[in-house]
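Its first residue numbered 1, the sequence shown is counted upward by one per residue in UniProt numbering.
Just so you know, even glycine gets a beta-carbon here, dropped at the ideal spot from N, CA and C.
Because the structure is a prediction, the values reported are computed rather than measured.
Notes follow once the structure below has been shown.
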Amino acid sequence: MAKASARHILVPTEEQCNDLKTEIEAGADFEKVAQQHSKCPSGKQGGALGEFTPGQMVKEFDDVVFSGEVGKVLGPVKTQFGYHLIEITDRTD
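Here you go:
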């Protein structure tokens, strides 16, 4: 079964999500940005979500994690919780 590890940053608006993505792409550290801005409790751990399998996260999140490019910052991804930036740190198919 497929497994992935990822970290994310959850914010309330698409605009903030895009601004943070720009910061990270310009060289800001993903973990530090997550600690400062993420509204998810995982932000305290730099956004780390640990390892999970398909179906453990909401569909929109799963779709990106199990099809996106590992190591790239993906998003904004809209879910019922807000807007996410996602970095897939590892995936096995």
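Top-ranked residue by Cα proximity to residue i, from the options
{"i": "Asp63", "options": "Gly43, Ala34, Ile88", "result": "Ile88"}
{"i": "Lys39", "options": "Gly55, Leu10, Thr79", "result": "Leu10"}
{"i": "residue 136", "options": "Glu14, Ala6, Arg7", "result": "Shown here, the chain extends from 1 to 93; a query on residue 136 therefore has no answer."}
Alpha-carbon to alpha-carbon, residue j and residue i
{"i": "Lys44", "j": "Ala26", "result": "22 Å"}
{"i": "Gln16", "j": "Gln36", "result": "13 Å"}
{"i": "Asp93", "j": "Ser67", "result": "10 Å"}
Contact set for residue i: own chain, Cβ-Cβ below 6 Å, skip 5 residues either direction
{"i": "Thr53", "result": "Met1, Lys3"}
{"i": "Arg91", "result": "Ala4, Val70"}
Sequence-distant residues of the same chain with beta carbon closer than 7 Å to residue i, five excluded per side
{"i": "Phe81", "result": "Leu10"}
Own chain residues within Cβ distance below 8 Å of residue i, not counting five before or after
{"i": "Lys21", "result": "Val73, Gly75, Pro76, Leu85"}
Ranges of the alpha helix (DSSP H) found wholly within the UniProt domain "PpiC" (1-90), counting only runs of at least 4 | 14-25, 30-37, 59-65
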